Amino acid sequence: MSASWQIWRDRRGRLSPLRIAALALLLLPLAKALFDAGAIAHGARPLNDLIHRAGFWALVFLGVTLAVTPFRRIARYGNLVDVRRMLGVGTFCYIAVHLMLYVADQSYDLGKVVHEISHRVYLIVGGVAWLGLAALAITSTDGMVRRLGGLRWRRLHQAIYAIALLGLIHYFQQTKADVTVPIFAAGLFTWLIGYRVLAWWQAGRELSSLGLAGLAVVVAALVFAGEAVGIAIEFRVSPLRVLGAAFDFDAGIRPGWQVLAAGLAVAVFDVVRARWNSRLARPRTVAAE
Ligand code: HEM
């Protein structure tokens, strides 16, 4: 057994390379901010820069946490679930820093903070997501799982999907000009939800490589359609014109293509892992014979 603060050790107290890797991943944005400290300090709004970094990485780690379930299946690496809690709590740490930096940016005037958060729609949305993440972080301990009971705990933690949606809306709302990255992020979250819906629909059976490729195509199509409709409404242009522009690669690669590439890469990875596994399994079958 290891002390609970020794998060780099597994439950048996052994050093866990997987946990160390997850911890290193969680600390990477912090290291990057320290590396960029000079540039941040000499920038126009250092605190605002840090608020953006913390918010962005919180959303990334929220996605990474949600990716554990599909990737432990696709990578045939069930142990991955061992770092899910660490990634989830790490997400909350970034979002806690995000709010603390915001409070600092408001010169620690708590009255003003409450007034702003309750009067600006994007902050109300962020605030609700923040409270949701706090509730999930508080109830993430073994003791809380026992106290709530498995079923109630699982139901509560399903709120993560609504929280992710609110986090994405907050991200879109605060983005002033280019929404390429938020659209790409929304596409990846759609894939993560789509995977779960398909797995549930197939009564928990694994998705085939072909199923994963199909999911990539459907999600990419949704991203193209969503972007076209969004831009059409915002700028009063024809959505078909926006769709046509997706094939103009000189103007940049639209997020729909990026999501398609990421989704197909996952399907290819699934094929490779399946072959690898069957190759490893073959000698054992021969030996059994
Ligand atoms: C009370 C809670 C929150 C407050 C007060 C808050 C505040 C802010 C502020 C002030 C900005 C910068 C806006 C600007 O410069 O105009 C921002 C950006 C952002 N926030 Fe939040 N936020 C909160 C919750 C959240 C949550 C829960 C998430 C994610 C789960 C999140 C993710 C983001 C992201 C992704 C950005 C943009 C980062 C980028 O530019 O790359 N925020 N937030």
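Going by this note's numbering, the first residue of the sequence shown is number 1136, and it counts up by one from there. Where is the CB? At the ideal position from N, CA and C, for every residue including glycine. All values reported here derive from a predicted model rather than from experimental measurement.
Spatial neighbours of Q1308 in its own chain (CB-CB distance under 7 Å, excluding positions within 5 residues in sequence) are listed in chain order as V1256, Y1257, V1260. When R1188, R1180, W1326, D1171 are compared, the shortest CA-CA separation from A1348 is found for W1326. By the Cβ-count criterion, T1276 is exposed, with fewer than 16 other Cβ atoms from all chains shown falling within 10 Å of its own Cβ. When only Cα atoms are considered, Y1296 and A1272 end up about 15 Å apart. Nearest to L1300 by alpha-carbon distance, out of L1163, L1194, A1338, is L1194. Taking a 10 Å sphere around the C-beta of S1151, we find 16 or more other C-beta atoms and assign the residue as buried. For V1372, there is no enclosing alpha helix (DSSP H), as DSSP gives it neither H nor E. An exposed status is given to Y1212, since fewer than 16 other beta-carbon atoms sit within 10 Å of its beta-carbon. F1359 and G1391 do touch by the CB rule: their CB atoms are close to 4 Å apart, below 8 Å.
Inclusion of A1386 and V1377 in the CB contact set at 8 Å is not warranted, their separation being larger than that value. Below 8 Å, enough C-beta pairs join the segment 1190-1204 and the segment 1216-1224 to call them touching: three or more. Taken through DSSP and simplified to helix, strand or coil, R1144 comes out as strand. CA-to-CA, the gap between H1292 and R1331 works out to about 15 Å. With contacts defined as CB atoms closer than 8 Å, I1186 and D1244 fail to qualify as a contacting pair. Looking at the DSSP output, L1150 shares a beta bridge with R1144. Our two residues, G1302 and T1315, have alpha carbons roughly 16 Å apart in a direct line.
Proximity of the beta carbon of G1302 to the ligand HEM is indicated: a heavy atom of the ligand is located closer than 7 Å. Within 10 angstroms of the beta-carbon of L1345 lie fewer than 16 other beta-carbons, which makes it exposed. Here F1227 is buried, its C-beta having at least 16 other C-beta atoms within 10 Å.
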